[in-house]
Every structure is written in structure tokens, then in C-alpha cells.
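Residue numbers (my numbering): 7 to 235.
Contents: one structure, followed by commentary.
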């Protein structure tokens, strides 16, 4: 931008963030998965500038799913099939604020819209990267009987993370990995198993038992040692 002052011609550089339009695949969500973005009267231009999806007929602006949004929200879904037996999506809440519940919940899934400055979200700065972390847990319902207390709900803990890196657009999500087991060993007798967490890759020292539970940043290597006694 070039402008004139009493001292002569001046020049200033002004930049605005460029929002990449959402792909058709990102916006191809079933109507029941569409969480509203902005006001009901929002224009298509404003909707797209917020990184949201726009449907022309009928007019609707909605968030893409499993995203860290420009307006600083975590938009994600949790399927009931995440556990076996299936969990109860309506019982999921933010671990640090039980009033933060799914915006929409059915027997098959729960949809969340969590502001990054609320619901107990933690903020960590790693260099130029800003990390927001939110823990989701479930309310375990129990039934007291004469012979004890029973429940069909297994305790669930999910860590949802958003990473903001200058000049990039990232998504929010989680991955469940299936471990690869070695060959089976058949034997008789009694044996014990000891699990220790090492402080470094050289296994030179270990965390004491009283240190648990251990809080680690998602993505950081964790060195475990298992011994048969």
C-alpha cells in the first residue's frame, strides 16, 4: 500500500490470511453430521472465509468434521463403536468440565463443538507451534444390587489435540493402532510380569511407581520395559 504524508510518499506492506476453500469430500457430510457455523443469516462469502462449508439449497453454513477451525473451535465426532461393547455417546463429557457435553448425540455417535478457551482445554507452546489439548471421558452409570454394584459402561478417556503451525492448516483426530503380537508361548506354572517406564531411550533410569499416572505430550516417544519374573 502506497500513501502520501507531509513527509512524502510512504509504503506499507499489509497481508491477509488466505483461506483455502474446502474440498467437496470434506463438505460431503450427512445432514445429521452438519453443525452450524456462524449465524443463520450468514452469507456464502463470509461462510467460506471462516473455513466452513456452504450448502446452497437450502442455504446452510456448517463446519467440516474433525477440524481445528479458524474461529478457534474443536469440531470432532466420537463413534459408539470405539469400544466393545459400544459406549453411550450421550454420556461423554469434557474431563475438566462435566457441563461440556456433545452438541448432538445419538446411540451411534456424539458430535462436539468445543471452544479452545473453554471446557478445561490446555494450551502448550512448543516453539512456533501452539498445541490445544482436551480430554474427553464418560460418565459411568452403575446399578447397586444386593450382591454388589454392576455397570455396562467401560471407562473411556480420549485426548483430542489441535496443533496450530504458522502457514499451515491441520485437522483434529485420533488413531487407534493394533499391536503386532509375537508367537504364542505355551507353558505351565505361575509367573509374574513387571512393566517399567524408562526416562530415556537408553533405559538408564526409570520412573518410580508412585509417580504414576504419568502425563506425556501426545506424539512423544514412551519407552517401556516388560519383564517376565
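Idealized CB from N, CA, C, for every residue including glycine.
For this session: Please check the pair residue 120 and residue 100, which I expect to be a contact at CB under 8 Å, by giving their CB distance rounded to whole angstroms.
Result: Walking along the chain shown from the start, residue 120 turns up at place 114. Walking along the chain shown from the start, residue 100 turns up at place 94. Indeed, because the Cβ distance is near 7 Å, the residues count as touching under 8 Å.
Exercise. From residue 227 to residue 62, what does the alpha carbon distance come to, in whole angstroms?
Worked result: Numbered from its first residue, the chain shown carries residue 227 at position 221. Numbered from its first residue, the chain shown carries residue 62 at position 56. The straight-line gap from Cα to Cα measures roughly 46 Å.
Problem set entry | Beta-bridge pairing of residue 170 - partner residues as DSSP gives them | By one-based count along the chain shown, residue 170 stands at place 164. Residue 170 pairs with 136.
For this session: Report buried or exposed for residue 71, applying the criterion of at least 16 other Cβ atoms within 10 angstroms of its Cβ.
Result: Indexing the chain shown from 1 puts residue 71 at position 65. Per the 10 Å Cβ criterion, buried.
Exercise. Straight-line CA distance for residue 95 to residue 116?
Worked result: Residue numbering aside, residue 95 sits at position 89 when the chain shown is read from its first letter. Residue numbering aside, residue 116 sits at position 110 when the chain shown is read from its first letter. Roughly 5 Å separates the two Cα atoms.
Exercise. Helix, strand or coil: how does DSSP classify residue 200 here?
Worked result: Your numbering for residue 200 matches position 194 in the chain shown. Note: residue 200 maps to strand in three-state DSSP.
Exercise. When the Cα atoms are used, what is the spatial distance from residue 54 to residue 91?
Worked result: Along the chain shown, read from residue 1 onward, the residue named residue 54 stands at position 48. Along the chain shown, read from residue 1 onward, the residue named residue 91 stands at position 85. Roughly 39 Å separates the two Cα atoms.
For this session: Check whether the segment 119-134 touches the segment 144-157, taking contact to mean three or more Cβ pairs, one atom from each stretch, closer than 8 Å.
Result: no
Exercise. Secondary structure at residue 52, three-state DSSP: helix, strand or coil?
Worked result: In the chain shown, the residue the question calls residue 52 occupies position 46. Helix.
Exercise. Sorted by chain position, which residues of the same chain lie with C-beta nearer than 6 Å to residue 205's C-beta, five sequence neighbours on each side aside?
Worked result: In the chain shown, residue 205 corresponds to position 199, counting from 1. Excluding residues within five positions, the ones whose Cβ falls inside 6 Å are 211.
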